[in-house]
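Enquirer: With mature numbering (1 follows the signal peptide of the UniProt record, and there is no 0) applied, the sequence shown covers -24 to -1, 1 to 79.
Every residue, glycine too, gets a C-beta built ideally from N, C-alpha and C.
Because the structure is a prediction, the values reported are computed rather than measured.
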Amino acid sequence: MTDRRAFLTAALVAPVAIAAPALAQTFSCGLDPVERYYAATDAVNANRMEEDDYIQVIHELDDWEPPTQRDFIRKFIAQYEEGGIPTDADRRIMIEQGRKLIA
């Protein structure tokens, strides 16, 4: 079941999803990588986004260095939620990002 925040995010992004053929490139509408990931997930599940564009959004999330501990936790949850497993390299990067934030 979709929660309220995911629904509202999808509703706000829907006009962009419909208007832009390369949605991942136009997703820089003030959303951070975690929000873009969830919006892209909703869009790809509704067949409003191509899989290649979705993969690009996933890579943006993987490459993002969260500036705060809260953002780190949000990134972690997004990457592992619903059975997701980042690559070994991405896990090592995330461990280093976590170490920096608690140092």
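1) Would you please state the rounded distance, in angstroms, between the beta carbons of L37 and A54? I believe it to be under 8 Å.
2) Where do the ends of the alpha helix (DSSP H) carrying L77 lie?
3) Quick one: give me the first and last residue of the alpha helix (DSSP H) that E11 is part of.
4) Could you tell me the alpha carbon to alpha carbon distance between Q32 and V10, rounded to whole angstroms?
5) Do the CB positions of L7 and A15 come within less than 8 Å of each other?
6) R75 to R67, Cα distance in whole Å?
7) Looking only at its chain, what residues have a beta carbon closer than 6 Å to the beta carbon of P62, apart from the 5 residues adjacent to it on each side?
Expert: Let's see:
1) 6 Å
2) D64 to I78
3) P9 to N21
4) 13 Å
5) yes
6) 12 Å
7) Q55
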